[in-house]
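For reference, each letter of the sequence shown is one residue, going 1 to 337 in my numbering.
The beta carbon of each residue, even a glycine, is placed where N, CA and C say it ideally should be.
The structure appears below as structure tokens.
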Amino acid sequence: MAKEIRAALIGYGGMGHFHASCYPKQQHVKLVAVCDCNPEKFKEKKAEINLGESGDSSLKDIATFGSYEELCRGIRFDMLDICLPCHLHAEYAIRAMRDGYHVLCEKPMARTVAQADRMIRVSRETGRKLMIAQCIRFSPAYRFLKEIHAKKKYGQLLRLDMRRNSTLPKTSWYRDPAKSGGALLDLHLHDTDFINSLLGVPEAVYTQGIERDTGGIDDLMSSYYFAGETVVNSEGSWCKGKWFCSGIAVFRKATLEIINDTQVNIYRTDRKTEEVRFDKDTNPYFNEIAYFADCIRKKTEPEQCMPKSTRDSIRIAAAEERSARTKRKVRLPHGRD
Ligand SMILES: NC(=O)c1ccc[n+]([C@@H]2O[C@H](COP(=O)([O-])OP(=O)(O)OC[C@H]3O[C@@H](n4cnc5c(N)ncnc54)[C@H](O)[C@@H]3O)[C@@H](O)[C@H]2O)c1
Numbered sequence: 001m002a003k004e005i006r007a008a009l010i011g012y013g014g015m016g017h018f019h020a021s022c023y024p025k026q027q028h029v030k031l032v033a034v035c036d037c038n039p040e041k042f043k044e045k046k047a048e049i050n051l052g053e054s055g056d057s058s059l060k061d062i063a064t065f066g067s068y069e070e071l072c073r074g075i076r077f078d079m080l081d082i083c084l085p086c087h088l089h090a091e092y093a094i095r096a097m098r099d100g101y102h103v104l105c106e107k108p109m110a111r112t113v114a115q116a117d118r119m120i121r122v123s124r125e126t127g128r129k130l131m132i133a134q135c136i137r138f139s140p141a142y143r144f145l146k147e148i149h150a151k152k153k154y155g156q157l158l159r160l161d162m163r164r165n166s167t168l169p170k171t172s173w174y175r176d177p178a179k180s181g182g183a184l185l186d187l188h189l190h191d192t193d194f195i196n197s198l199l200g201v202p203e204a205v206y207t208q209g210i211e212r213d214t215g216g217i218d219d220l221m222s223s224y225y226f227a228g229e230t231v232v233n234s235e236g237s238w239c240k241g242k243w244f245c246s247g248i249a250v251f252r253k254a255t256l257e258i259i260n261d262t263q264v265n266i267y268r269t270d271r272k273t274e275e276v277r278f279d280k281d282t283n284p285y286f287n288e289i290a291y292f293a294d295c296i297r298k299k300t301e302p303e304q305c306m307p308k309s310t311r312d313s314i315r316i317a318a319a320e321e322r323s324a325r326t327k328r329k330v331r332l333p334h335g336r337d
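Right under this line is the structure:
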């Protein structure tokens with residue numbers, strides 16, 4: 001098996017600090033360099049974003065660079081961890097794969113489906129691995145729900161309600177929907193992607209949304225239509241003042257409530273309740289980095305979060321945006337777009 005993987009991170013803002021703070025405890029991957037076009041960022045030992053504070057992300061013994069070109073010239077590495085604003089994901093992921101690096105890229109995969117398709121094509125052409133850091137696929141609580149569903153432990157899933165609310169993020173690019181895609185693509189996509197990973201691409205979506213702060217869809221409620229009986233709804237917002245997320249799954253024999261990454265409550269129809277707590281591997285950012293590095297070492301494809309699947313999540317989100325703008329149900333034909 002390959003040696004320790006050497007990672008370089010580009011975009012040392014809020015999420016860059018979250019990722020950087022996960023590397024010191026990794027077993028098989030080491031952060032060797034960080035790159036940001038704003039050198040002031042290298043002075044910040046922690047970052048605070050809408051969902052909370054990163055861990056300690058000090059750059060002791062880590063090389064710093066002011067541009068991607070300097071980074072590539074200055075140090076040897078195997079994988080690029082992209083924590084850049086959304087509109088730059090495709091450009092840098094494609095450059096990096098063409099330059100021979102494996103790419104772990106923050107969500108959303110790209111600003112458009114066409115960009116996501118190009119990323120997948122270049123990954124195939126170059127043989128470089130590509131994985132999108134859809135963190136809740138790596139959260140123990142969400143994974144638990146997926147497992148219960150797959151094993152049909154409590155019977156059929158009848159209804160799923162997802163919710164993710166916060167304030168408008170601080171950095172300016174978020175306020176430009178051409179760059180961020182608004183709350184719909186930036187925040188709500190987490191739940192769109194989870195629904196996709198659980199149930200696949202819906203047959204249609206209906207979204208009601210509002211513009212308030214950015215000109216993008218800042219607050220929305222979506223319904224997803226699947227063949228069969230499952231009723232699926234999801235709400236996302238940058239207008240709700242503080243961070244709050246939840247997931248409630250109503251199965252025939254029990255209701256599961258995701259409290260956070262570390263706890264799920266189970267309310268059974270026989271009136272017994274159970275709290276399931278996870279105390280190991282609870283940091284989804286840590287988990288996604290470890291998983292991707294392991295795929296590189298073992299020369300396997302990242303099946304837990306395949307690019308084709310995260311690309312479909314961008315496609316669903318685009319349909320949600322179309323629905324919100326046209327006030328109509330939008331169909332998602334299977335097969336070719
Ligand atoms: N998974 C999650 O829970 C989660 C949470 C927040 C943000 N994100 C995602 O992380 C990504 C980054 O968001 P953020 O909040 O950290 O943004 P940010 O604005 O805080 O950080 C982006 C950084 O990139 C740097 N940068 C911009 N262009 C650059 C370039 N060409 N070369 C080098 N550096 C450059 C900026 O100086 C900045 O420091 C986004 O895609 C966002 O959606 C994910």
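Please indicate yes or no: does the CB of residue i lie closer than 8 Å to some heavy atom of ligand 1?
i: Asp78; result: no
i: Leu51; result: yes
i: Met97; result: no
i: Glu41; result: It is worth fixing the name first, because residue 41 is Lys in this sequence and not Glu. Checking the Cβ of Lys41 against ligand 1 gives yes.
i: Trp238; result: no
i: Asn233; result: no
i: Gly247; result: no
i: Tyr92; result: yes
i: Pro108; result: yes
i: Asp56; result: no
i: Phe18; result: yes
i: Asp193; result: no
i: Trp243; result: no
i: Ser340; result: Nothing in the structure corresponds to residue 340, since the chain is present only between 1 and 337.
At the level of alpha carbons, what is the spacing between residue i and residue j?
i: Val32; j: His190; result: 29 Å
i: Tyr23; j: Thr269; result: 43 Å
i: Gly155; j: Gly127; result: 41 Å
i: Asn165; j: Phe244; result: 5 Å
i: His89; j: Met221; result: 26 Å
i: Ile10; j: Gly16; result: 7 Å
i: Arg6; j: Pro302; result: 18 Å
i: Pro140; j: Tyr101; result: 29 Å
i: Asp81; j: Ala110; result: 15 Å
i: Ala47; j: Glu53; result: 6 Å
i: Ala178; j: Asp213; result: 14 Å
i: Ala114; j: Lys272; result: 48 Å
i: Met131; j: Lys329; result: 31 Å
i: Asp279; j: Lys327; result: 44 Å
i: Val231; j: Leu256; result: 15 Å
i: Pro108; j: Gly200; result: 17 Å
i: Arg175; j: Lys153; result: 43 Å
i: Ile148; j: Cys72; result: 44 Å
i: Ile195; j: Pro85; result: 24 Å
i: Lys43; j: Thr282; result: 28 Å
i: Ala20; j: Lys30; result: 10 Å
i: Phe65; j: Thr262; result: 36 Å
i: Ser123; j: Leu104; result: 12 Å
Buried or exposed, going by whether 16 or more other CB atoms sit within 10 Å of the CB of residue i?
i: Cys37; result: exposed
i: Arg137; result: buried
i: Ser67; result: exposed
i: Glu229; result: exposed
i: Arg336; result: Residue placement at Arg336 cannot be trusted, given a pLDDT of 49 that sits under 50; what the coordinates show is reported in the next sentence. Its Cβ having fewer than 16 others within 10 Å, Arg336 is exposed.
i: Thr207; result: buried
i: Ser172; result: exposed
i: Lys253; result: exposed
i: Asn260; result: exposed
i: Gln342; result: Since the first residue of the chain shown is 1 and the last is 337, residue 342 is not available in this structure.
i: Ala150; result: exposed
i: Pro169; result: buried
i: Glu288; result: buried
i: Gly209; result: buried
i: Gly14; result: buried
i: Thr300; result: exposed
i: Asp78; result: buried
i: Gly247; result: buried
i: Gly241; result: exposed
i: Pro202; result: buried
Would you say residue i lies against chain D (beta-carbon separation less than 9 Å)?
i: Lys308; result: Considering every chain present, this structure includes no chain D. It has just one protein chain.
Run through the segment 211–255 for me and flag every whole beta strand (DSSP E) of 3 or more residues, listed as ranges in chain order. 219–225, 231–237 and 244–251
With a floor of 4 residues, list each alpha helix (DSSP H) that falls wholly inside the segment 98–162, ordered by position along the chain. 113–126 and 140–151
4-residue-minimum alpha helix (DSSP H) runs that sit fully inside the segment 5–65, ordered along the chain: 14–20
Whole runs of the beta strand (DSSP E) within the segment 268–324, excluding any shorter than 3 residues: 273–277
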